[in-house]
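Q: Heads up: the sequence shown begins at 125 in this note's numbering, then just goes up one per residue. All residues carry an ideal CB built from backbone N, CA and C; glycine is no exception. If you're wondering where the values come from, they're calculated on a predicted model, not measured in any experiment. Following this message is one structure expressed as structure tokens.
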Amino acid sequence: MIVAIDGPAGAGKSTVARLLAERLAFRYLDTGAMYRALTWLAQRRELALDLADELAELARDFPVEFDEDGRVYIDGIDVTSSIRRPGIDRLVPVVARHIAVREVMRERQRTLGEAGDVVIEGRDIGTVVAPRAQVKVYLVADPAIRARRRAADQPEIAADALATDLRLRDEKDAINMRPAEDAIEIDTTDLAVEDVVARIEQLVRAHAATA
Ligand code: DC
Numbered sequence: 125m126i127v128a129i130d131g132p133a134g135a136g137k138s139t140v141a142r143l144l145a146e147r148l149a150f151r152y153l154d155t156g157a158m159y160r161a162l163t164w165l166a167q168r169r170e171l172a173l174d175l176a177d178e179l180a181e182l183a184r185d186f187p188v189e190f191d192e193d194g195r196v197y198i199d200g201i202d203v204t205s206s207i208r209r210p211g212i213d214r215l216v217p218v219v220a221r222h223i224a225v226r227e228v229m230r231e232r233q234r235t236l237g238e239a240g241d242v243v244i245e246g247r248d249i250g251t252v253v254a255p256r257a258q259v260k261v262y263l264v265a266d267p268a269i270r271a272r273r274r275a276a277d278q279p280e281i282a283a284d285a286l287a288t289d290l291r292l293r294d295e296k297d298a299i300n301m302r303p304a305e306d307a308i309e310i311d312t313t314d315l316a317v318e319d320v321v322a323r324i325e326q327l328v329r330a331h332a333a334t335a
């Protein structure tokens with residue numbers, strides 16, 4: 125079974141998807157980490173981020189890998205923490221916008237999800253990467269709450285800077301941020317992580333019971 129979890133930054137995707145995967149004993153695939161890793165490698169190689177074809181080639185030549193603990197590797201380097209830096213936050217939408225890059229990434233994401241029993245988190249999972257996912261969820265949350273969650277993750281950055289960053293990222297990500305028609309929308313603004321996970325788990329169990 126494939127569970128697709130999409131939605132904007134700060135809606136709670138990562139926390140929820142990770143916990144859900146653990147609960148279901150499914151694998152967890154963080155597709156945002158893949159775009160982040162590619163951005164990191166492009167930076168390291170001083171490749172201009174407007175060169176779509178070169179970036180796509182880089183993505184093809186250096187497929188992102190995950191180990192069992194969810195650590196992220198590209199070109200054999202563990203980039204798990206480097207890809208969470210604010211510099212990458214700001215640049216990754218520029219890389220993720222290129223169609224040529226997305227094609228390579230989506231192919232790789234499908235390969236990584238192929239074995240099934242996986243929770244895949246991203247922006248376009250229910251619509252493009254895994255349109256046949258059995259359970260599709262689109263998480264949303266109030267922008268102020270989303271900014272506050274980001275602030276809790278990155279206490280070293282001023283809250284207003286984070287809110288501005290989030291708004292700019294929303295604008296840049298917007299093109300790929302559309303819920304699938306058959307996705308269930310969950311507003312996480314007033315919900316505890318536990319409640320969101322329980323709700324999705326229910327959807328998964330309901331699907332398993334009818335399948
Ligand atoms: O979820 P995240 O913040 O780690 O995502 C990083 C960036 O990658 C963000 O700008 C959106 C983009 N992204 C995407 O375009 N498609 C995906 N499936 C996942 C992430």
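#1: With hydrogens ignored, establish whether the beta-carbon of Leu249 is closer than 7 Å to any heavy atom of the ligand DC.
#2: Quick one: Cα of Asp306 to Cα of Ala128, how far?
#3: Considering only residues of the same chain and omitting the five flanking positions on each side of Leu179, which have a CB-CB separation below 8 Å?
#4: For Glu309, does the three-state DSSP call read helix, strand or coil?
#5: For Pro279, does the count of other Cβ atoms within 10 angstroms reach 16, so buried, or fall short, so exposed?
#6: Per DSSP, which residues does Asp154 bridge with? Please list them.
#7: Going along the chain, which residues of its own chain have a beta-carbon closer than 6 Å to the beta-carbon of Asp154, five neighbours each way excluded?
#8: Between the Cα of His331 and those of Gln258, Asp248, Arg273, spot the shortest distance and give me the residue it belongs to.
#9: I want to know whether the region 296-313 touches the region 248-262 - three or more CB-CB distances under 8 Å.
#10: According to DSSP, is Ile281 helix, strand or coil?
#11: Can you list, in chain order, the residues of its chain whose CB lies under 6 Å from that of Tyr197, leaving out five sequence neighbours each side?
#12: Cα separation between Thr313 and Ala183?
#13: Exposed or buried, what is Pro132 when buried is set at 16 or more other beta-carbons lying within 10 Å of its beta-carbon?
#14: Which same chain residues, not among the five before or five after Thr87, have their C-beta less than 8 Å away from its C-beta?
#15: With 16 other CB atoms within 10 Å as the buried threshold, where does Asp130 fall?
#16: Looking only at its chain, what residues have a beta carbon closer than 6 Å to the beta carbon of Asp277, apart from the 5 residues adjacent to it on each side?
#17: Under a Cβ-count criterion, where at least 16 other Cβ atoms within 10 Å of its own Cβ denotes burial, should Asp213 be classed as buried or exposed?
#18: For Glu318, does the three-state DSSP call read helix, strand or coil?
A: Straight from the coordinates:
#1: On the sequence shown, residue 249 is found 125 positions in, with the first residue counted as 1. This sequence places Ile at residue 249; Leu is not what is there. Yes; taking the cut-off as 7 Å, the Cβ of Ile249 has a heavy atom of the ligand DC nearer than that.
#2: Indexing the sequence shown from 1 puts residue 306 at position 182. Indexing the sequence shown from 1 puts residue 128 at position 4. If I take the Cα positions, the gap works out to 11 Å.
#3: To locate residue 179, count along the sequence shown from 1; it is residue 55. Here the set comprises Leu162, Ala166, Leu171, Leu173, Val219, His222, Ala224, Val225.
#4: As a first step, residue 309 must be located in the sequence shown, where it is residue number 185. Looking at Glu309 - three-state DSSP - the assignment turns out to be strand.
#5: The count along the sequence shown starts at 1 and reaches residue 279 at position 155. By the neighbour-count rule (16 or more Cβ atoms within 10 Å), Pro279 is not buried but exposed.
#6: As a first step, residue 154 must be located in the sequence shown, where it is residue number 30. Answer is Glu245, bridged to Asp154.
#7: Here residue 154 refers to the residue found at position 30 of the sequence shown. If we look at Asp154 and ignore the five residues flanking it on each side, its Cβ neighbours are Glu245.
#8: Locating residue 331 in the sequence shown gives position 207, counting from the first residue. Of Gln258, Asp248, Arg273, the residue nearest in Cα terms is Gln258.
#9: yes
#10: By 1-based counting over the sequence shown, the position of residue 281 is 157. In this structure, Ile281 counts as coil in the three-state DSSP scheme.
#11: To locate residue 197, count along the sequence shown from 1; it is residue 73. Taken in chain order, the residues that qualify are Glu189.
#12: Taking the sequence shown and counting its residues from 1, one reaches residue 313 at position 189. Taking the sequence shown and counting its residues from 1, one reaches residue 183 at position 59. For Thr313 and Ala183, the distance between alpha carbons rounds to 35 Å.
#13: Counting from 1 along the sequence shown, the entry for residue 132 is found at position 8. The residue is buried, with at least 16 neighbouring Cβ atoms inside 10 Å.
#14: Any property of residue 87 remains undetermined from this structure, which presents the chain solely from 125 to 335.
#15: Against the sequence shown, residue 130 aligns to sequence position 6. Buried: at least 16 other Cβ atoms inside 10 Å.
#16: Taking the first residue of the sequence shown as position 1, residue 277 is located at position 153. Answer for Asp277: no residue qualifies.
#17: Position 89 of the sequence shown, counted from the start, is the residue given in the question as residue 213. With 16 or more Cβ atoms within 10 Å of its Cβ, Asp213 is classed as buried.
#18: Locating residue 318 in the sequence shown gives position 194, where the first residue counts as 1. Looking at Glu318 - three-state DSSP - the assignment turns out to be helix.
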